[in-house]
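Below is one structure, written out as structure tokens; comments come after it.
Numbering (my numbering), first residue to last: 29 to 199.
As structure tokens, then:
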């Protein structure tokens, strides 16, 4: 019986010594694994942040196009952005008219503010009314990010808007 008690105490002491903490190598392996995972995930995170910032321009230009169509229907002509009954709260972009809107067309640009000009793409939009009376609005994304080129505006011919060379139709 005494021998069994000694064996039990010995096993209890050896078990408690093993569970004191982590070794330096175990901690180092965990730090290395976390470093590798963050290195792989960071570029993906940056791309997602850029996409979410660019969404501001897409939504704002879509709103401008819809508001222009309503204005054309109500007053018989397209108008400038400042005269539309919408508020544009641009955090990453500034919005401007291209040329003078008339009864058949209006063209707009979304230019990246200086702080983000090497990270985000510029956008343009156009809205027109074709001969049948139907309205068509488009939003175009500039193909390249260079930070120096002004946004390439969309064009409107006979009331039909189209993206210019160097841009891609988004919607």
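Glycine included, each C-beta is placed from N, C-alpha and C at the ideal position. For clarity, every value in this text was computed on a predicted model and none was experimentally measured.
Return yes when the C-beta of residue i is under 7 angstroms from any heavy atom of the ligand NAP, and no when it is not.
| i | result |
| --- | --- |
| residue 160 | This structure simply doesn't include the ligand NAP, nor any ligand for that matter. |
What's the call for residue i, buried or exposed, on a 16-neighbour Cβ count within 10 Å?
| i | result |
| --- | --- |
| residue 100 | buried |
| residue 174 | exposed |
| residue 150 | buried |
| residue 63 | exposed |
Rounded to the nearest angstrom, what separates residue i and residue j at their Cα positions?
| i | j | result |
| --- | --- | --- |
| residue 71 | residue 180 | 28 angstroms |
| residue 84 | residue 144 | 13 angstroms |
| residue 195 | residue 171 | 5 angstroms |
| residue 57 | residue 177 | 47 angstroms |
| residue 189 | residue 88 | 18 angstroms |
Taking 7 angstroms as the limit between beta carbons, can you name the residues of its chain near residue i, skipping five residues before and five after?
| i | result |
| --- | --- |
| residue 126 | 135, 136, 137, 181 |
Only counting the same chain, and skipping five residues up and downstream in sequence, which positions put a Cβ closer than 6 angstroms to that of residue i?
| i | result |
| --- | --- |
| residue 152 | 137, 168, 179, 181, 182 |
| residue 187 | 132, 156, 157, 158 |
| residue 199 | 167 |
Excluding the five sequence neighbours on either side, which residues of its own chain have a C-beta within less than 8 angstroms of the C-beta of residue i, listed in chain order?
| i | result |
| --- | --- |
| residue 109 | 92, 116, 123, 124, 125, 136 |
Strictly by DSSP, which residues pair up with residue i?
| i | result |
| --- | --- |
| residue 140 | 121 |
| residue 111 | Partner(s): none; residue 111 has no beta bridge. |
Report task. May I ask you to verify whether the stretch 100-114 touches the stretch 74-86, counting CB pairs closer than 8 angstroms and requiring at least 3? Result -> Taking a contact to require three or more Cβ pairs closer than 8 angstroms, the stretch 100-114 and the stretch 74-86 do not qualify as touching.
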